[in-house]
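S.K.: Per this note's numbering, numbering of the sequence shown is gapless, rising by one per residue and ending at 138.
Can you keep this structure in mind? I'll have questions shortly.
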Amino acid sequence: MTQQRHTAETEVRTIIEAWADAVRRHDYAGVLAHHDQDIVMFDVPPPFQSRGLDEYRKTWDLFFGCQRSSYAFDIADIAITAGDDVAFAVVVMRCGPLDDTFQFRLTIGLRKIDGSWRITHEHHSVPATD
């Protein structure tokens with residue numbers, strides 16, 4: 009792995025960890041901090057698709073209404089692939105009461121814009137059940 013690629017992966021990991029920490033604290037500014045104005049998010053609850061930072065922000069109202077600040081919102085597993093100006097991460101998140109084992113899948117796409125990584129896509133999903 010080149011030093012440049014390692015640095016990019018470290019930068020992306022830091023952004024995702026800061027985002028997860030902001031979610032735990034119900035900190036809207038922190039949640040939005042590294043997101044592009046044109047973010048596209050696919051989510052589990054409606055609306056299944058959000059386009060733009062304003063729509064993305066509104067999805068957190070529902071989540072924060074259900075997710076207590078004492079609940080977990082933790083990265084259980086993460087794999088990052090980063091190039092010079094595009095990166096993606098596949099993540100397994102643990103979410104809910106501390107004694108719960110609920111997990112969801114998260115894919116994050118990023119672009120380097122004006123020298124900074126911006127989250128341009130999020131896709132949240134849960135395994136299908138019968």
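Even for Gly, the Cβ is constructed at its ideal location relative to N, Cα and C.
#1: So for His-14, helix, strand or coil by DSSP?
#2: Excluding five sequence neighbours on each side, which residues of the same chain lie with their C-beta closer than 6 Å to the C-beta of Leu-114?
#3: In this structure, does DSSP put Phe-96 in helix, strand or coil?
#4: Go through its chain and collect everything with a Cβ distance to Pro-105's Cβ below 7 Å, but skip five positions before and after it.
#5: Among the residues of its own chain, which have a CB less than 6 Å from the CB of Glu-25, if the five just before and after it don't count?
#6: According to the neighbour-count rule (16 or more other Cβ atoms, all chains shown, within 10 Å of its Cβ), is Ile-121 buried or exposed?
#7: Between the alpha carbons of Phe-96 and Ile-47, how many angstroms are there, rounded?
#8: Could you give the DSSP three-state label for Gly-123: helix, strand or coil?
#9: Assuming Phe-81 and Cys-103 are in contact, meaning their beta carbons sit under 8 Å apart, how far apart are those beta carbons, in whole angstroms?
#10: Out of Leu-40, Gln-12 and Gln-11, which has the shortest C-alpha to C-alpha gap to Ile-23?
#11: For Asp-85, which residues does DSSP report across the bridge?
#12: What residue does the alpha helix (DSSP H) around Arg-65 start on, and which one ends it?
#13: Using a Cβ-Cβ cut-off of 7 Å (strictly less than) and excluding sequence neighbours within five positions of Tyr-64, which residues of its own chain qualify?
M.R.: Taking the geometry as given:
#1: helix
#2: Val-99, Met-101 and His-132
#3: strand
#4: Tyr-79
#5: none
#6: exposed
#7: 14 Å
#8: coil
#9: 5 Å
#10: Leu-40
#11: Val-100
#12: 61-74
#13: His-43, Ile-47, Met-49 and Ser-58
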